[in-house]
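Per my numbering, the first sequence starts with residue 127, numbered consecutively.
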Amino acid sequence: MRWSQTLIPTLKETPAEAEILSHKLLLRAGLVRKLTGGLYTFLPLGVRVLRKVEQIVREEMDRSGALEVLLPTLQPPEIWQQSGRYEAIGDGLYKLRDRAKKEWVMSPTAEEVITTLAAGEINSYRQLPATFYQISVKFRDEIRPRFGLMRAKEFIMKDAYSFDATEEAAMSSYRKMYDAYQRIFNRCGLKNFPVEADTGVIGGNLSHEFMVPAETGENEIVFCEACGYAANLEKATSGIPKTAAREVGPTPEKFATPGVVTIEALTKAPHSVPANRQIKTLVFIADSKPVLILVRGDDQLNEAKLASVLGTTVFRPAETPEIFDALGAHPGSLGAVGVTKFPVFADERLRGANGMTTGANEDGFHFNKVSLERDIPGARWADLRTVGAGEPCAKCAKPLKIQRGIEVGHVFMIGSKKYSEKLNAYYLAEDGTRKPCVMGCYGIGITRTLQSIIEQSNDKDGIVWPLTVAPYQVCITPLGVASGSAVMQLAEKIYAELQARGVDVILDDRDERPGVKFKDADLVGFPIRLGIGEKSLAKGEVELKRRGGTLTPVLAAAAVAKVCECLAAGGAN
RNA sequence: CGGAGCGUAGCUCAGCCUGGUAGAGCACUUGCUUUGGGAGCAAGACGUCGCAGGUUCGAAUCCUGUCGCUCCGACCA
Numbered sequence: 127m128r129w130s131q132t133l134i135p136t137l138k139e140t141p142a143e144a145e146i147l148s149h150k151l152l153l154r155a156g157l158v159r160k161l162t163g164g165l166y167t168f169l170p171l172g173v174r175v176l177r178k179v180e181q182i183v184r185e186e187m188d189r190s191g192a193l194e195v196l197l198p199t200l201q202p203p204e205i206w207q208q209s210g211r212y213e214a215i216g217d218g219l220y221k222l223r224d225r226a227k228k229e230w231v232m233s234p235t236a237e238e239v240i241t242t243l244a245a246g247e248i249n250s251y252r253q254l255p256a257t258f259y260q261i262s263v264k265f266r267d268e269i270r271p272r273f274g275l276m277r278a279k280e281f282i283m284k285d286a287y288s289f290d291a292t293e294e295a296a297m298s299s300y301r302k303m304y305d306a307y308q309r310i311f312n313r314c315g316l317k318n319f320p321v322e323a324d325t326g327v328i329g330g331n332l333s334h335e336f337m338v339p340a341e342t343g344e345n346e347i348v349f350c351e352a353c354g355y356a357a358n359l360e361k362a363t364s365g366i367p368k369t370a371a372r373e374v375g376p377t378p379e380k381f382a383t384p385g386v387v388t389i390e391a392l393t394k395a396p397h398s399v400p401a402n403r404q405i406k407t408l409v410f411i412a413d414s415k416p417v418l419i420l421v422r423g424d425d426q427l428n429e430a431k432l433a434s435v436l437g438t439t440v441f442r443p444a445e446t447p448e449i450f451d452a453l454g455a456h457p458g459s460l461g462a463v464g465v466t467k468f469p470v471f472a473d474e475r476l477r478g479a480n481g482m483t484t485g486a487n488e489d490g491f492h493f494n495k496v497s498l499e500r501d502i503p504g505a506r507w508a509d510l511r512t513v514g515a516g517e518p519c520a521k522c523a524k525p526l527k528i529q530r531g532i533e534v535g536h537v538f539m540i541g542s543k544k545y546s547e548k549l550n551a552y553y554l555a556e557d558g559t560r561k562p563c564v565m566g567c568y569g570i571g572i573t574r575t576l577q578s579i580i581e582q583s584n585d586k587d588g589i590v591w592p593l594t595v596a597p598y599q600v601c602i603t604p605l606g607v608a609s610g611s612a613v614m615q616l617a618e619k620i621y622a623e624l625q626a627r628g629v630d631v632i633l634d635d636r637d638e639r640p641g642v643k644f645k646d647a648d649l650v651g652f653p654i655r656l657g658i659g660e661k662s663l664a665k666g667e668v669e670l671k672r673r674g675g676t677l678t679p680v681l682a683a684a685a686v687a688k689v690c691e692c693l694a695a696g697g698a699n
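Here it is as structure tokens:
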């Protein structure tokens, strides 16, 4: 490609809309332009990178045995109602009506459609296992799009779905995808690592997210450097000790605590109850009914874990009047002692604890000497607390660390209940029985991955593309473009030869000053730049410059060979 | 949806408080000079000051409404 014949609108100044570095560089390097909030136009250079990432994904999906399909984006709401996700996702779904006033859904993902396909086409165990994938535009009604392509209303995603006869076979399909994901992100030049992920309302224990470490990431990752444990904060556990038991009296004792409505206040004189001897009582409305959640006073509830325990995402903190109706007291004086009307869930860390202090469900009073098992016998135990940095790893007891990351991929074992049974994807097993397919689903945010690469690979001058996804691998920069000049003749010759060898090459044939060309090439981030100028050409040389590396003079006659050598070495030399 | 901020040239922004003929830099067009890290000079083109009302002799500026964008929070199957 000749620079003058394409559109690469680089910007010297950063548009005000961009907040994070990768977003600024996407705009400045002329890869994308914003149409409106959460919607972006891909320019020629952006499309090239997109296609390269897609191609890597495609190759690794194919290699893993997955079959490429293309599913409709416009989908009937009926199948969403059948799976129960019409309600579960609710406002996150883009919906529209046609001229006959019939409603349609814009696909945010395609479990329902693929399961419908499987229901029709897969009849026998002989057809299993089967994994399908597609790369397509997806839609989500994001409450707040942000960070450019990171969280957009419309984005490109690779989604894949596996169908198996048994749990064991499904595990194997899951593993294949997991392995393919590692190959994909490595090929994209991304530092990344899989972490155990929350499985939310679906349950089960098998889900991993592929994270790219970045301060701008929206996820928090808990990890152990010693043993390799890594999990999303929503899922992470630690080996933190349970609450110590102590000698206590036979019954809780009520005591007056006028005006004390926070954990903090109760830690102070005259009560002086440390936070770790208090029970924090939270009230949520789940499926329209109150539930009580107990965590230790110095712990934080993890709502993702709560969703998993409640088996629903439809819950919210109760409003003060609802709390008063339910318990007869206001927040700050709440407790679960004697509460039998509502379900009570208590964090594992409180198991066996006694001598604890909690609200008495009477404004201005608390109980002390509370023993969890004795005084709140109806409590169901669950892991509900949020892990903190520095807590001991559950596996090896070394201190855990917390780091932010960008989720670029997610693999998920679903099983058969969520979609197969509801949408009738059954097959006939070898023994003649009818069984639901065991499903897995697997996503990669293509556009998000693209931006993650930029977020991770840049310097003060601009993007530093890994060779595998660079829009062009080589940029030829003639300093002076007078046609017929020795410089331009050589540039044209090398350009033609590299093209003949199948190298992705762009010739900067613009009549611009050298400074402009250098700055643009650096900003866009081509891995290899070949500078051709009168000064060096007088010595029979051209200049080979690796992005972010050193400048090496090479003989003009050897330039093509050197570039190819450099490419073969992965751009590393 | 709650909180905060911003809408003025393609981009970055000044002007608004204190009402009086629409500004700068970059980008763009033309010419000359320049030519190894975002050149200089000269000339030029580019605006319903987000939109709609209102106040006023007069509104980018003050008031009301509205739309949009950005940030923080809630949300993220």
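A virtual CB, placed ideally from N, CA and C, is assigned to each residue, including glycine. Keep in mind the model is a prediction, meaning the values are calculated, not measured.
- In this structure, I261 sits near K284, with a CB-CB distance shorter than 7 Å.
- Ranking W129, I205, S578, L693 by CA distance to the CA of L593 puts L693 first.
- Annotation: the continuous beta strand (DSSP E) that includes I405 extends over 405-412.
- Counting other Cβ atoms within 10 Å of its Cβ, R270 stays below 16 and is therefore classed as exposed.
- With a 10 Å radius around the Cβ and a threshold of 16 neighbouring Cβ atoms, Q426 comes out exposed.
- In terms of CA proximity to G641, T603 leads the group T603, A622, G675.
- Excluding five sequence positions before and after V607, the CB atoms of its chain that fall closer than 6 Å to its own CB belong to M614, D635, D637, given in chain order.
- A straight line joining the alpha-carbon of E344 with that of G516 spans about 21 Å.
- At least 7 Å separates the beta-carbon of G651 from that of G696.
- In this structure, V338 keeps its C-beta atom at 7 Å or more from the C-beta atom of I182.
- Under a 10 Å Cβ-count criterion, S148 is classified as buried, with 16 or more other Cβ atoms of the shown protein chains found around its own Cβ.
- Secondary structure in the stretch 312-350: the beta strand (DSSP E) runs of 3 residues or longer, each lying completely within the stretch, are 319-322, 333-339, 345-349 in chain order.
- Residue burial is scored here from C-beta neighbours: C350 has at least 16 other C-beta atoms within 10 angstroms and is therefore classed as buried.
- Segment contact: the stretch 127-143 against the stretch 162-177, three or more CB-CB distances shorter than 8 Å; contact assigned.
- Of the residues F258, R372, L453, the one whose Cα lies closest to the Cα of M187 is F258.
- Within the stretch 549-626, the complete beta strand (DSSP E) segments of 3 residues or longer fall at 552-554, 560-562, 564-571, 600-604, listed in chain order.
- For D285, the secondary structure class from DSSP, reduced to helix, strand or coil, is strand.
- Contact between L549 and Q208 is confirmed by a C-beta separation of about 6 Å, below the 8 Å threshold.
- Counting the other CB atoms within 10 Å of its CB gives F336 a total of 16 or more, which places it among the buried residues.
- Between Y300 and E237 a beta carbon distance of about 15 Å is seen, past the 8 Å cut, so the two are scored as non-contacting.
- The beta carbon of G191 is closer than 6 Å to none in its chain, skipping five residues each way along the sequence.
- Excluding sequence positions up to five before and after V239, its CB lies within less than 8 Å of the CB of L197, P198, Q201, I205, S233, all in the same chain and listed in chain order.
- A direct Cα-Cα distance of roughly 14 Å separates I579 from F273.
- Counting only the Cα atoms, C601 lies some 8 Å from G657.
- The beta carbon of V595 lies closer than 7 Å to those of V175, K178, V179, C314, G315, I579 in the same chain, with the five residues before and after it left out.
- The count of Cβ pairs closer than 8 Å, one atom from the stretch 469-480 and one from the stretch 360-380, reaches three, so the stretches are in contact.
- For K227, there are no CB contacts under 7 Å within the same chain when 5 residues up- and downstream are skipped.
- Taken in chain order, the unbroken stretches of beta strand (DSSP E) that lie wholly in the stretch 349-427 and span 3 residues or more are 356-358, 379-382, 405-412, 415-422.
- In the three-state scheme derived from DSSP, where H, G and I count as helix and E and B as strand, Y166 is classed as strand.
- Annotated three-state conformation of E229 is strand, per DSSP.
- Taking the Cα positions, M303 is about 15 Å away from E294.
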